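*Asks:*
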Amino acid sequence: MNSLRAVLDRPVPATALVVALLAVTAYAVSHYPRSIVAFMLFQSSILLLYFARMPGWLKALITAGALGGLMPILGSINAYYLEIAIQVGIFVALALGLNIVVGLAGLLDLGYVAFFAVGAYSWAIFGSPQANQIFGGGFFPLSGAWFFVFLLVGVGMAAGAGILLGLPVLRLHGDYLAIVTLGFGEVIRVLANNLDKPINFTNGPKGITPIARPPIFFDPVLRAMGIDASPNVVYPLYLYFLVLVIVGVTVLVNRRLEDSHVGRAWEAIREDQTAAQAMGVPLVRMKLMAFACGASFAGAVGVLFSAKQIFINPESFTFMESIGVLAMVILGGMGSIPGAILGATVVTVLNLQVLKGLSLWLNELRNAGVEIFGYSLANLPTQLEPAKYERMVFGLILVLMMIFRPQGILPAKRRRRELGESES
Amino acid sequence: MDFPLLLGIFPQVLLDGIILGFMYALIALGYTMVYGVLEFINFAHSEIFIVGAFVGVEILMGLKSAGLLESLPWVLVLLLILVAGMAASGALAVLVERAAYRPLRHAPRLIPLISAIGVSFFLQDAIRLFESIWNNAFNLVYPTMDPLNRRFELTETIDVSVKSLVVIVAALLMLWALHVVVNRTRIGTAIRAVAEDQAAASLMGINVNRIISLTFLIGGGMGGAAGVLFGVQYGLINPYTGFIPGLKAFTAAVLGGIGNIPGAMMGGLVLGLLEAFAASYLSLLTGGAFGAEYKDIFAFAILILILIFRPKGLLGEIVRERA
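Those protein sequence lines, which keep their order, are chains A and B. Everything in the first sequence is counted per the numbering used here, starting at -1 for the first residue and increasing by one. Everything in the second sequence is counted per the numbering used here, starting at 7 for the first residue and increasing by one.
#1: Near A/I44, what residues of its chain come up, given a Cβ to Cβ distance below 7 angstroms and the 5 sequence neighbours on each side ignored?
#2: If you measure from the CB of A/G183, is any heavy atom of the ligand ZN nearer than 8 angstroms?
#3: Give, in chain order, every unbroken run of the beta strand (DSSP E) that is at least 3 residues long and sits entirely within the segment 323 to 411 of chain A.
#4: Give me the subset of the segment 366 to 395 of chain A whose CB atoms are less than 9 angstroms from a CB atom of chain B, sorted by chain position.
#5: So with CB distances below 8 angstroms, who are the chain A contacts of B/F144?
#6: My assumption, with CB atoms under 8 angstroms, is that A/L329 sits in contact with A/V347. Please give the rounded CB distance.
#7: Would you kindly work out how many angstroms separate the C-alpha atoms of A/I88 and A/G154, rounded to a whole number?
#8: Any chance you could list the alpha helix (DSSP H) runs of at least 4 consecutive residues sitting entirely within the segment 161 to 229 of chain B, in chain order?
#9: With respect to the alpha helix (DSSP H) encompassing A/R253, which residues constitute its N-terminal and C-terminal limits?
#10: Who are the neighbours of A/D173 on chain B, taking C-beta pairs under 8 angstroms?
#11: How big is the Cα-Cα spacing for B/G194 and A/A273?
#12: Any chance you could list the alpha helix (DSSP H) runs of at least 4 consecutive residues sitting entirely within the segment 68 to 98 of chain A, in chain order?
#13: Please work out which residues of its chain come closer than 6 angstroms, Cβ to Cβ, to B/G58, disregarding the five sequence neighbours upstream and downstream, and give them in chain order.
#14: Helix, strand or coil: how does DSSP classify A/V279 here?
#15: DSSP state of A/V319, grouped into three classes?
#16: Which of the three DSSP states, helix, strand or coil, is assigned to B/R157?
#17: How far does the alpha helix (DSSP H) with A/V100 in it extend, from its first residue to its last?
#18: Can you grab the Cα-Cα spacing for the pair B/E162 / B/K169, in whole Å?
#19: Can you give the beta carbon distance from A/I310 to A/G205, rounded, assuming they're within the 8 angstroms contact cut?
#20: List the residues of chain A that B/I314 touches, going by C-beta distances under 8 angstroms, in chain order.
#21: Roughly how many angstroms separate the alpha carbons of A/L163 and B/Y287, rounded to a whole number?
#22: How long is the line joining the alpha carbons of A/A227 and B/F144, rounded to whole angstroms?
#23: If you run the structure through DSSP and keep just helix, strand and coil, what is A/I186?
#24: Give me the Cβ distance between A/L358 and A/G367, rounded to the nearest whole Å; I'm assuming they're in contact under 8 angstroms.
#25: Taking the alpha helix (DSSP H) that B/A72 falls in, what are its first and last residues?
#26: What's the gap between the Cα of B/I308 and the Cα of A/V279?
#27: For B/G297, go through chain C and note every residue whose CB falls closer than 7 angstroms to its CB, in chain order.
#28: Can you tell me which of A/G331, A/L20 and A/L46 puts its alpha carbon nearest to the alpha carbon of A/R3?
#29: Give the straight-line distance between the Cα atoms of A/N252 and A/L340, rounded to the nearest whole angstrom.
#30: Should the segment 385 to 398 of chain A be regarded as contacting the segment 118 to 135 of chain B, the criterion being three or more beta carbon pairs within less than 8 angstroms?
#31: Whose C-alpha, out of B/E299, B/L280, B/F315 and B/V260, is nearest the C-alpha of B/A34?
#32: Can you give me, in chain order, the residues of the segment 129 to 143 of chain B that have a beta carbon less than 9 angstroms from any beta carbon in chain A?
#33: Could you work out which residues of chain A lie near B/L309, taking near to mean beta carbons separated by less than 9 angstroms?
#34: I need the straight-line Cα distance from A/G104 to B/H51, nearest angstrom please.
#35: Which same chain residues, not among the five before or five after B/D165, have their C-beta less than 7 angstroms away from its C-beta?
#36: Using a 10 Å radius around the Cβ and a threshold of 16 neighbouring Cβ atoms, would you call A/D257 buried or exposed?
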């Protein structure tokens, strides 16, 4: 471990190592497109890139090359990897949004997925024939180009919902706040489930489909370049880059916020509300802003999510999702931007790759009738599906992190200073 | 509006509400006792509650396959599953406190809460894992016991089943026993002392850790009994069933004034009645526009309103804020 540290601390060997690793792992993925291990090694080399010490512009360049160049190429070899990357991106943006509320402002929000739902439903209703049921006539669905407008509408709607939630709970702190936000999340889900009557807003548990997708506006360019890409190939890549842009903007906004006077005010409220107020921090405005800011990211991603899925129903917005995002923030470290990114990636990969991979593997063993110590695996209970144990993963992460490392894997700088760890 | 119908179902709705209310009251005790002592929401209590239901169903299924379910007297069977469910849930609650809460007792307030949420999620899937391996099914149905399903007709439209009476009687007995233990015994005095001031209690020679474990044992046991009664009354359970009743029972505890034992009982009853009436009357009164599903919103709306306007709850225990 220490020798790795030593290599990473010197810019030239570090750059060489990271580039070499990226190249090797990318080559491995392209050669063994079905190997989960190869893809996870590729992801780890991107993580290593973060730890390597090198000039900022170089790091940005390599990151852009890996995420903007290598990843799409690997994704066109195995489309599932692109799906994973898109999901990771969505959860990174969600985790960064929740990080503002929980990590910076210290307000434990257990209903965060509600804002995601607000964003998703705001595009789903208008981007599908569903809106005709509300307003009558045949104006809807809106054409795909409106998607970009609705990214902003989604941000606005979610921020509004954030303020709506924030206003009544301003006086509550700690665990009471947590329970009320949990209730709010459930209320939004129950509403989505039941607002198919008296006026059909959400189509109830049946969900809304088909939801329009953003148009491929660069299609003529592709044609001019002689690439005749069918929508089936182009769309995943297109969505991937959209997610990448949203995540990029989110990271940028978060970094600017963190050291602004707003971010400092949030941290002051988190540490000691009374002291912060005495220093002239406007509590009401700052808390509402935290809720609105955190929610707005979820709103934007929600719009994207509904366009990606084409179909949404209330099942996608359960309490489990809220806790999943919370587990990501906690795993990475509350208040830490790189932590939220790392946490979201690790948890999503655990769920989509490791658990699903285990399920597939177990099924193969079962079908092959492999025996271990005289016990035929064909006799294994059929209900035993590792892919379904997401909650156990979330639960273990939460409990173990709280007991052994409450500051997270990549603690926030300020917290690291408080805890007196050596600057790394 | 169909007034005869509205009036006609009233007694039945009242009865359903009372049964539901006692169930909530029993679960709420677990939340309120732990909160009274540690000022901490034991989020995993909903799973501790449903574990009781699973222990009950396992024993009943075991008896059934052994052919004993019909031959043994039903009172004995019922007592057996109640005691076993209480023991299992109580032990689990103590174990959870030991493993996941005690190391965090002096951490900032949100830390144990997050740990408790983690325990809750972990337990849900742990039950699922166990039942998947053991039974190859995790949606389980309580085997029917004929004597329990017998119904008394009070009038033409109202009837009471034996199991409903059992739920009410068992809940009343347990609430009374708890009242006696907390208010009339030395152990109860110690629990109240620890709730009042841990440091002072320990100076008076009370073993605080033991009392906290005991609190979890009693609260978990009540939850386990509620779980068994829940299974007997409603029949179908799965590892995720406990979550919503748990949340509502917490609402009941807050409604009555969290940390306050009679408050939890009253809050449970009030919430159960409100919910039963919302479930039956909402759709009738609005001509079907709002269905029974909105009863969940009802419970949460009450929770939010109480917390905002009267955080002390109906019976007014003072809630100390320690952010």
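Every residue gets a Cβ at the ideal spot worked out from N, C-alpha and C, and that includes glycine. Everything numeric in this text was worked out from a predicted model, so none of it was measured.
*Replies:* In short, the structure shows the following:
#1: A64
#2: No copy of the ligand ZN appears in this structure; indeed no ligand is present at all.
#3: none
#4: L378, P379, T380, Q381, L382, E383, K386, Y387, E388, R389, M390, V391, F392, G393, L394 and I395
#5: Q381
#6: So it is not a contact: roughly 12 angstroms between Cβ atoms.
#7: 18 angstroms
#8: 168 to 190, 192 to 202 and 204 to 209
#9: P229 to E256
#10: F46, I47, R115, L116 and L119
#11: 39 angstroms
#12: 69 to 75 and 77 to 96
#13: G91, S95, G230, G233 and V234
#14: coil
#15: The question names Val, but residue 319 of chain A is Glu in the sequence shown. In this structure, A/E319 counts as helix in the three-state DSSP scheme.
#16: strand
#17: Counting along the chain, A/V100 falls outside any alpha helix (DSSP H), and DSSP gives it neither H nor E.
#18: 20 angstroms
#19: 6 angstroms
#20: P166, V167, R169 and L170
#21: 28 angstroms
#22: 46 angstroms
#23: helix
#24: About 16 angstroms; that fails the 8 angstroms criterion.
#25: B/A72 -> no alpha helix (DSSP H), and no H or E assigned at all.
#26: 32 angstroms
#27: Among the protein chains in the structure shown, which are A and B, there is no chain C.
#28: A/L46
#29: 15 angstroms
#30: yes
#31: B/V260
#32: L129, Q130, D131, A132, R134, L135, E137, S138, I139, W140, N141, N142 and A143
#33: I177, V178 and G181
#34: 25 angstroms
#35: R157, F158 and E159
#36: exposed
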